[in-house]
Structures are given as C-alpha cells and as structure tokens.
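One structure is given below, encoded as structure tokens.
Protein chains in written order, with our numbering: chain A, 41 to 310; chain B, 14 to 283.
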C-alpha cells in the first residue's frame, strides 16, 4: 500500500506540531508511542500504529536529550517505522531497523540548527542592550518556525515523495561533516562561557573559579549539585567573614564617637 | 540609594505567575550551542520584566542582558527558577545576587530533572504504556499522554513555589544586600568553573602506535590521567581573552570554532 497525497500532507502537518513540541520539550507528544499512533490513525491502520509505536518507544527510551545533547530523532523514527511497515508490509522489528536512517537524518539537521542558531545570539544581545523586546520575540519565533517547516518538508519528502532516495541520501552523507558538527557542538559553549566570564570575572573571584573547575575534574559527579554545595560553603564563609568585619567596624565607629565625648548621640548610619 | 529596610511591593499578580509557568514552555524556542536556552529563557519572562521595570529602560536593558547569558536547565522544572528570580527582579535585588543564584541553581536543577524525568519516569511510563499498545490497545498512548499532561500542568505549581520562596526570602536578603551580592557571585563563579568542565568537551582522537601491540591514546593516556578537562578550559580562556582583550565579535568566534571543528574532524584530530 502506498501513502496518498492527502495522507502525506496530514503526516507533514502532524509531525510539524510534534516537532515543535520536541523542540520545546513541552507536552511529550514527540515520543514514538504518540507519533506512531497518530501515524496509524492517519494511514487508517490504528493497530499497526500502536504495535510499531510500542516497539519504537521502548527502543528509544534510552535515547534522551538529557543535558542538551541531541539523540536520534524520535519523531522521524515513529512516523517512518509505521509508514514503512504500512507501505512494505514488513514486520515491526525490521521496520524499526529501516526507520533509523531517517531518524539520523533529522538528528543531523537539528545538530546543524543548534550550531547555526548561535549566530542569532549577537542580535539578541544588541536588542537587550537597547531594552527592545521585539527582536527577542521575532528571533525566537523565527528559530521555532524554521524547525517546524523543516519537519513538515522532511516528513512529506520521506513519506510521500521519495522514501528510497531519502534513505540513500542519509547513507551517502560524509562522516566527517556529521562528526564535525557534533564536535563543534561540544566546543561552542566555550564562547558562551567566555562571554559570561567577561561580565563576571574579577581577580578576587579567581580562587573560587579554580576550585570549581578542579572539583569537576577530579570528583566523579552525575550533576552539578556537589559543586553548587561547595560554592555555597565558600559563599557562607565569605558572608560570615564580611558580616563580622561590618559589625567590628560599626563597633569601632560607635566607641570612637563615645570616647570623643558625644555621649548622647548613639545613632550610627549604615 | 537603598534604605536598609524596605516593604515587599508586589508588581506581579497571581495570574502573572501562572502565565509565567505556562510561558516557561518557551524555554528552548531558540536553542543554540553557544548560549543553549538563553533566548527562550528571556522570552518566557519578558512581559513580566517589562512590567517590573516599566519606564526604567536602563534597568530593563541590564536585566535583559543578564538573562541572555548561558543557561541550560530542565524544561519541566525551570518554572521554579523563573518564579524565584522574577520575585528578586520585582524587588530590584542587586544584579550580582540574581545572577549568582541563577548560575548556582540551573545546573543542579538540570541534573535533578534529568534524573527524575528522563532516567526514572520515562522508562516506567513508556514501559507500561507500550505494554498496552503492543497488544493493540489505544489506552497505552492515552495513559502516556495523560501522565505528561499532568507533568506539564505542574510547571505552574513549581513557578508559584519559586515565587513564594523568593517573597519569603526577601527580608533576609535586604538586611545585608551588599554582602550577599558578593557571596552570590562567589557561589556562581564556583559553579561556572565546574560547568566549563562539564559542558565544553574536546576529545583528541589520535592514537600513537608503538610497535605492534602497544598503542597510546593521547586523550585517555595523557590528558585524562593528568588533567581531564584541560583542553576545554584552555579553549574557554582563549575565547575569554579574545572577547575582552581583542574585543572580538562573538559571531566571528562561532564561525572560526565551527571551521576548526570541521577541519579537525576531517583530518581525524577530534
């Protein structure tokens, strides 16, 4: 059975909505279980959607965007696993294998966008400096719209136009570009941190900066909580020292005023 | 300029905080590697920052600029942080205090959120829902969707909780606001040191072959045993140097970084 034009358009529309949801991680309708079920409904075979969705969901349960990394795309996996099972009549297991190239294709595109959208940040900085909210709103909408349209186009191409050609495209993609983009993704946050340090760093904070960096290097930790607690310890030590000094200064000022003979005047301003 | 005792003046209404929780869904609207969620983070809070600062364009510009700095936290829990920090913006706390607290909290919240939502809840919910769907039962995806709808609604609860905490902490923060600003920066900078080690990644691939059976990987044998995250720190400090001393444009640094990543990938260095 093949996918009709109307079905192809409906799949494109459905994945556009789910794609935006995956981009924002809001309602979790981007998981393969939901996407496959909706694909099954559109293709007129709900049971096929449910069975392929269950299998794909379990296969993708460990592939999460935790910590800002981009996993193989769950939406393309869901929509293509069901569509391939529907068009070729293959079972859910082998459809799952065949849908992976499409999942990788969308993963690469999102990786490319993650790097490319870095270029928008300078414009946002300029708008913030002028307290102008409009460019902030526009840029956010633009980024999300680019992602939404991409999902629609890619899914329409993969389901209705040219399934085989898209699959061949993924397999012919040179390894150094896809690997290079994920390498770039690993390094680009350095610029964000550089900009952060530009506004925060003062010589008196260097010891704490070094301590935090050292802790992350040599203490095994699954998240940043231990360092945040270490930082809290430093902050508290500084806070009580500073408060102690402040009280001592106030006491010194008060006693100086007393010994100067102005006995009646006790008021000490801050 | 500021008196030592101030009354808490509410500018934002209960409804504003609820809407902030809903708008926290926009967190990743312009996700990029350089700044991660900062564009969406600002977008979600923008109407309330505008309301707080009113005609104070300078104050709004300073707040918008701060809120565009690198942030990467968990979408489901971000409302708590937004609520807390918005309450501090509302009282015009020292910018260093707000920034320090933000830097200290977003990482641990991301870690806790990933552990709860991706590594614990998703496998359980996906497992149960998929077992129904595998038998062709539509109740599977319905359970899945319902659970995540509740989790989405809880965003509003987290946001109110964060805001109320901020209101409660207000008096304590006012007593020693100048000392707290410095302590908060110490806390923030400690965590930034650790974040550079955990978010920026540079892995050298070359392996030196010594004879037939012995090979030495530069990354695992050299850097990982001496100073695992030395390269990410060096690259970040290099970016910091270009941004401060050479007034480099961040866009140029992004382009150069992507080109370096692609070239190093092509020659097998990274």
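Every residue gets a Cβ at the ideal spot worked out from N, C-alpha and C, and that includes glycine.
Note that this is a predicted model, so its numbers are computed, not measured.
Checklist entry - Between which two residues does the beta strand (DSSP E) containing residue 228 of chain B stretch? => result Note, residue 228 of chain B: beta strand (DSSP E), 227–230.
Checklist entry - If you measure from the beta carbon of residue 252 of chain B to each beta carbon in chain A, is any gap under 7 Å? => result Answer yes: the Cβ-Cβ gap between residue 252 of chain B and chain A drops below 7 Å somewhere.
Next on the checklist: Just to check my reading of the structure: residue 196 of chain B and residue 73 of chain A have Cβ atoms closer than 8 Å, yes? What is that Cβ distance to the nearest angstrom?
Outcome noted: At roughly 47 Å, the Cβ-Cβ gap does not stay under 8 Å, so residue 196 of chain B and residue 73 of chain A are not in contact.
Checklist entry - Opposite residue 195 of chain B in the DSSP bridges: which residues? => result BP columns for residue 195 of chain B are empty, so no partner.
Next on the checklist: Just to confirm before moving on: does the CB-CB distance between residue 23 of chain A and residue 189 of chain A stay below 7 Å?
Outcome noted: Residue 23 of chain A lies beyond the range of chain A shown here (41 to 310); nothing can be said about it.
Checklist entry - What residues from chain A crowd round residue 294 of chain B, counting only those whose CB sits closer than 7 Å? => result The structure shown has nothing for residue 294 of chain B, since chain B only spans 14 to 283.
Checklist entry - In this structure, what does DSSP give as the bridge partners for residue 220 of chain B? => result In the DSSP assignment, residue 220 of chain B is bridged to B:230.
Checklist entry - With which residues is residue 49 of chain B paired in a DSSP beta bridge? => result In the DSSP output, where bridge partners are listed per residue, residue 49 of chain B has B:45 and B:84.
Next on the checklist: So for residue 16 of chain A, helix, strand or coil by DSSP?
Outcome noted: This structure leaves residue 16 of chain A out entirely; chain A is present only between 41 and 310.
Item to check | C-beta neighbour in chain B for residue 140 of chain A, strict 7 Å | outcome: No, no contact with chain B.
Next on the checklist: Looking only at its chain, what residues have a beta carbon closer than 8 Å to the beta carbon of residue 75 of chain B, apart from the 5 residues adjacent to it on each side?
Outcome noted: The residues 108, in chain order, have a CB closer than 8 Å to that of residue 75 of chain B in the same chain once the five nearest residues on each side in sequence are set aside.
Next on the checklist: Distance check for residue 179 of chain A and residue 73 of chain B, CA to CA, integer angstroms please.
Outcome noted: So the two alpha carbons sit approximately 19 Å from each other.
Checklist entry - Where does residue 262 of chain B land, buried or exposed, given buried means 16+ other C-beta within 10 angstroms? => result Taking every protein chain shown into account, the CB of residue 262 of chain B has fewer than 16 other CB atoms within 10 angstroms, so this residue is exposed.
Checklist entry - So residue 100 of chain B and residue 180 of chain B are in contact, right, with Cβ under 8 Å, and what is the actual spacing, rounded? => result Right, their Cβ atoms sit about 5 Å apart.
Item to check | Straight-line gap, residue 147 of chain B to residue 86 of chain A (C-alpha atoms, nearest Å) | outcome: Rounded to the nearest angstrom, the two C-alpha atoms are 12 Å apart.
Next on the checklist: Here's a check: name, in chain order, each residue in its chain whose Cβ is nearer than 8 Å to the Cβ of residue 155 of chain A, leaving out the five neighbours to either side.
Outcome noted: Cβ neighbours of residue 155 of chain A beyond the five flanking positions: 221, 224, 225 and 228.
Item to check | Short CB-CB distance (under 7 Å) between residue 227 of chain A and chain B | outcome: Chain B, which has a Cβ nearer than 7 Å to the Cβ of residue 227 of chain A, makes this yes.
Checklist entry - List, in order along the chain, the chain B residues whose C-beta lies closer than 7 Å to that of residue 97 of chain A? => result Residues of chain B passing the Cβ test: 139 and 143.
Item to check | Segment contact, 8 Å Cβ cut-off, at least three pairs: the stretch 75–94 of chain A with the stretch 145–161 of chain B | outcome: Yes, the stretch 75–94 of chain A touches the stretch 145–161 of chain B.
Next on the checklist: Counting beta carbon pairs with one atom in the stretch 168–183 of chain B and one in the stretch 90–105 of chain B, are three or more of them shorter than 8 Å?
Outcome noted: Contact between the stretch 90–105 of chain B and the stretch 168–183 of chain B is present, because at least three Cβ pairs lie under 8 Å.
Checklist entry - Quick one, which of B:94, B:83 and B:267 has its alpha-carbon nearest residue 240 of chain A's? => result Of B:94, B:83 and B:267, the residue nearest in Cα terms is B:83.
Item to check | Nearest-angstrom Cβ-Cβ length linking residue 56 of chain B and residue 39 of chain B, presumed shorter than 8 Å | outcome: Between residue 39 of chain B and residue 56 of chain B the Cβ distance is about 5 Å, and since that is below 8 Å, they are a contact.
Checklist entry - Does the Cβ of residue 145 of chain B have 16 or more other Cβ atoms within 10 Å, making it buried, or fewer, making it exposed? => result Residue 145 of chain B counts as buried, since no fewer than 16 other beta carbons sit within 10 angstroms of its beta carbon.
Checklist entry - For chain A, is any of its Cβ atoms less than 7 Å away from the one on residue 70 of chain B? => result Judged by the 7 Å Cβ criterion, residue 70 of chain B is in contact with chain A.
Checklist entry - Beta-carbon of residue 36 of chain B versus every beta-carbon of chain C: anything under 7 Å? => result Among the protein chains in the structure shown, which are A and B, there is no chain C.
Item to check | Per-residue contacts from residue 219 of chain A into chain B (C-beta, under 7 Å) | outcome: Contact of residue 219 of chain A with chain B by beta-carbon distance below 7 Å involves 278.
Next on the checklist: Give me the chain A residues within the contact set of residue 161 of chain B, using Cβ-Cβ distance strictly less than 7 Å, ordered along the chain.
Outcome noted: Ordered by position in chain A, the residues that pass the 7 Å Cβ test against residue 161 of chain B are 67 and 68.
Checklist entry - Helix, strand or coil: how does DSSP classify residue 143 of chain A here? => result Of the three classes helix, strand and coil, the one that applies to residue 143 of chain A here is helix, per DSSP.
Checklist entry - Would you call the CB atoms of residue 211 of chain B and residue 185 of chain A closer than 7 Å? => result Taking 7 Å as the Cβ cut-off, residue 211 of chain B and residue 185 of chain A do not qualify as a contacting pair.
Next on the checklist: Contact defined as beta carbons within less than 8 Å: I believe residue 249 of chain A pairs with residue 206 of chain B. What is the distance between those atoms, to the nearest angstrom?
Outcome noted: With 8 Å as the limit, residue 249 of chain A and residue 206 of chain B qualify as a contact, their Cβ atoms being about 4 Å apart.
Checklist entry - In angstroms, rounded to a whole number, what distance separates the CA positions of residue 139 of chain B and residue 157 of chain B? => result Rounded to whole angstroms, residue 139 of chain B to residue 157 of chain B spans 7 Å at the Cα level.
Checklist entry - Under a Cβ-count criterion, where at least 16 other Cβ atoms within 10 Å of its own Cβ denotes burial, should residue 271 of chain B be classed as buried or exposed? => result Answer is buried; the Cβ neighbour count reaches 16.
Checklist entry - Can you check whether the CB of residue 115 of chain A is closer than 7 Å to the CB of residue 75 of chain A? => result Yes. Within cutoff.
Checklist entry - So, helix, strand or coil for residue 31 of chain B, using DSSP? => result Here residue 31 of chain B sits in helix by DSSP.
Item to check | Where residue 205 of chain A falls, given that 16 or more other Cβ within 10 Å makes a residue buried | outcome: That one is exposed.
Checklist entry - Can you name the start and end residues of the alpha helix (DSSP H) that residue 42 of chain A belongs to? => result DSSP places residue 42 of chain A outside any alpha helix (DSSP H), giving it a letter other than H or E.
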